[in-house]
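Quick notes on the structure that follows.
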Amino acid sequence: MAITDGLNAPSASAYTNAQRRLDPAKYSALGDFIKDVNKEDNRELLVKTFGNQGITGFLQLTGAVKAAGTADSVQWWEEQRLHPRAKFTPTAPQTSNAAGAAVVVPVAAANASPLDSAATLIVREQDVLLMGDVRVLVTAVSKSTGNKNTISSFTVKPLVSTDSVPDLTATAQEFPIIGNLFAQGSDQQTDYLESNVVKYTNPYMIVKEIYKVTGSQATNIGWINLGNGDYRWYVKSEGDTRQRYMDKREMMMLMGQKSDNITGIEGSEGYFSAIEDRGIVQGGYIETLADVDALVKELDRQGASPEYALYVNRHQALKIDDLIAAAGAGTGGITAGVTSSFGAFNNSKEMAVNLGFQSFSRGGYTFHKHDWKLLNDPTLLGSSSAAAAQYIGAAVPMSTVVDAQSGDRNPSLEMNYKAANGYSREMEHWMTGSILGASNDTKDLVQFNYRSEIALVTRAANRHVLIKDGSLVAP
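Position one of the sequence shown corresponds to residue 0 (numbering that gives the first Met the number 0), numbered consecutively onward.
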């Protein structure tokens, strides 16, 4: 090993000086000299201190498919409920109603055409409403002048003379329409119901990232073996940049939101915001049988899938484990370790286990529980405190839904990307610079570029569940 004196080349005097450095008067130990000339005892393998830190994969594991798009937004159609309810807001309270008496209910002008609002009053003459346990007949319907679809008031009368129309406050009311009644020889009704369909749209969003390395750094050899005998550190940094980009791209599909406040950027509805807007929000942790039953009852109301993938943080996973253990001791009716229903895994218990799922059943629903790294990572949505966790988990239906327009069966989640004529913007990757094979710039570096134009479709969000802090909210 050459010994240099400052910036000069090695010389005889330099070696003489090196010998003098062994003088005990100048060094307290022989090691003070040896450390300057000995090779370090280096361990070249990189330690994965935090394990595999990537969080990408939730959407693929839950059955989301990929589809190409050719417009600035993607649209889809969802049907409304087959049996509408009588929804209205009286303009004045209707109280102290006499037994058997007819009651005229004036309603707010906002109750307009069935196609205008989900809160529309849909009621016709001769309809039978169930108000509490009282059956009433709609004997008359008055419509506003100038709009035949706008109802200004309607009259109801109990079918039984000893019953009274229940008190109605001047707040939103909602009653089921159980059928209708007609007299002998009467004509058909005039009004009819039109099937409703709701169009949803979600704009595409553009997500980008870059990484740069100079020619000098690209040719430096480090101490760490990055795999296959490659010691160039920039390879590690570029790989990490790509992983961060993939993770953030998925998080934007999960947690993105439409924007009305940023010029030039529409934003895109993510999975969480779709459920918060029109799905089931389970408030707080699922800890007891009562919590499970409340969720199951709400799933029943939404015509839910019998099989769910339940992705949760560690706090929730442990609480469910405790719940199942208690139920196994005879305190409830939960069935753990279900082996009869693995439809989401090609009816293979081994596949479910290999993917890290644990299953349990309650009330005819099967839940395949799995840890969600996104909600456990403290640099992302994870929290060491259960009380501090904003998002706890999600229950994703493991089934397809029927398109209201075409009748086609489609997955509940669909990852869309822009593409046309062989050009895809799902995951674009290119290099600009003058090194490592790039020759489109004069700068002594290379820039790795990443770009995606994507949008997530959440169909039938009313059947999806988001577990977060707060109280239970149903669509």
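Idealized CB from N, CA, C, for every residue including glycine. Quantities reported herein were computed from a predicted structural model and do not represent experimental measurements.
| query | result |
| --- | --- |
| Checking the sheet assignment: what are the DSSP bridge partners for His477? | The chain is shown only over 0 to 474; residue 477 falls outside these bounds and no answer can be derived. |
| So, is Glu413 buried or exposed, given that buried needs 16 or more other C-beta atoms within 10 angstroms? | buried |
| Just to confirm before moving on: does the CB-CB distance between Gly381 and Leu374 stay below 8 Å? | yes |
| Where does Glu297 sit, in a helix, a strand or coil, going by DSSP? | helix |
| In chain order, what residues of the same chain have a beta carbon less than 7 Å from the beta carbon of Ser116, not counting five sequence neighbours either side? | In this prediction, Ser116 has a pLDDT of 44, which is less than 50 and means its spatial position is unreliable; what the coordinates show is noted afterwards. There are no such residues. |
| Can you give me the C-alpha to C-alpha distance between Arg475 and Trp232, rounded to a whole angstrom? | Nothing about residue 475 can be reported from this structure: the residues present for the chain run from 0 to 474 only. |
| Along the chain, which unbroken stretches of the beta strand (DSSP E) at least 3 residues long are found entirely within the region 170-251? | 172-179, 196-202, 204-213 |
| Contact between the region 252-262 and the region 423-441 is defined here as three or more beta-carbon pairs at a separation below 8 Å; is this criterion met? | no |
| Would you mind giving the Cβ-Cβ distance between Leu455 and Tyr199, rounded to the nearest angstrom? I have them listed as a contact below 8 Å. | Their Cβ separation, rounded to whole angstroms, is 12 Å, which puts Leu455 and Tyr199 out of contact at 8 Å. |
| Span of the beta strand (DSSP E) holding Tyr416? | 412-419 |
| Which one or two residues does DSSP pair with Ile285 in a beta bridge? | The partner list for Ile285 (beta bridge, DSSP) is empty, contrary to what the question assumes. |
| Is Ile391 helix, strand or coil by DSSP? | strand |
| What three-state label does DSSP hand Met130 in the structure shown? | strand |
| Which first and last residues belong to the beta strand (DSSP E) in which Ser151 is found? | 150-157 |
| In its own chain, which residues sit with a C-beta less than 7 Å from the C-beta of Arg84, not counting the 5 before and 5 after it? | Glu173, Phe174, Pro175, Ile176 |
| Val106 and Leu136 look like a contact to me (Cβ under 8 Å); what is the Cβ gap, rounded to whole Å? | Actually they are not in contact, since the Cβ atoms of Val106 and Leu136 sit about 17 Å apart, beyond 8 Å. |
| With the cut-off set at 8 Å, would you say Ala150 and Val164 are in Cβ contact? | One point to set straight first is that residue 150 is Ile, not Ala, in the sequence displayed. Not in contact: Ile150 and Val164 (Cβ atoms no closer than 8 Å). |
| Check Val135 in the structure and name its three-state DSSP category. | strand |
| Who are the Cβ neighbours of Leu298 in its own chain at under 7 Å, not counting the five residues just before and after it? | Tyr364 |
| CA-CA distance, Arg19 and Asn41? | In this prediction, Arg19 scores a pLDDT of 49, lower than 50, which makes its location untrustworthy; the coordinate-derived value is nonetheless stated afterwards. Cα-Cα distance, rounded: 29 Å. |
| Compare the C-alpha of Arg277 against each of Trp371, Glu77, Ile453 and name the closest. | Glu77 |
| Could you tell me the distance, in whole angstroms, from the CA atom of Ser384 to the CA atom of Asn312? | 11 Å |
| Excluding sequence positions up to five away, which residues of its chain have a Cβ less than 6 Å from the Cβ of Ile274? | Ala460, His463, Leu465 |
| Whole angstroms is fine: what's the gap from Val102's alpha carbon to Lys142's? | 17 Å |
| Looking at C-alpha atoms only, which residue of Asp320, Leu81, Glu427 is the closest neighbour of Ile121? | Leu81 |
| Using the C-alpha atoms, what's the distance from Lys47 back to Asp239? | 13 Å |
| Below 8 Å on the Cβ atoms is my contact criterion, and I expect Val104 with Asn201 to pass it. Report the Cβ-Cβ distance as a whole number of Å. | Val104 to Asn201, Cβ: 39 Å. No contact. |
| The alpha helix (DSSP H) with Arg277 in it runs from where to where? | 270-277 |
| Less than 8 Å between CB atoms is the rule here; does Phe174 satisfy it with respect to chain C? | Judged by its chain identifiers, the structure shown contains no chain C, having just a single protein chain. |
| If you draw a straight line from the C-alpha of Gly214 to the C-alpha of Val64, how long is it? | 40 Å |
| Determine the extent of the beta strand (DSSP E) in which Ile264 is found, giving its start and end residues. | Element bounds for Ile264: n/a, residue is neither H nor E. |
| What did DSSP end up calling Asp166 once you bin it into helix, strand or coil? | coil |
| In this structure, does DSSP put Asn312 in helix, strand or coil? | coil |
| Across the region 309-325 and the region 282-293, are there enough close Cβ pairs to call them in contact, namely three or more that are closer than 8 Å? | yes |
| Classify Ile323 as helix, strand or coil using the three-state DSSP reduction. | helix |
| May I ask you to report which of helix, strand or coil DSSP gives Leu379? | coil |
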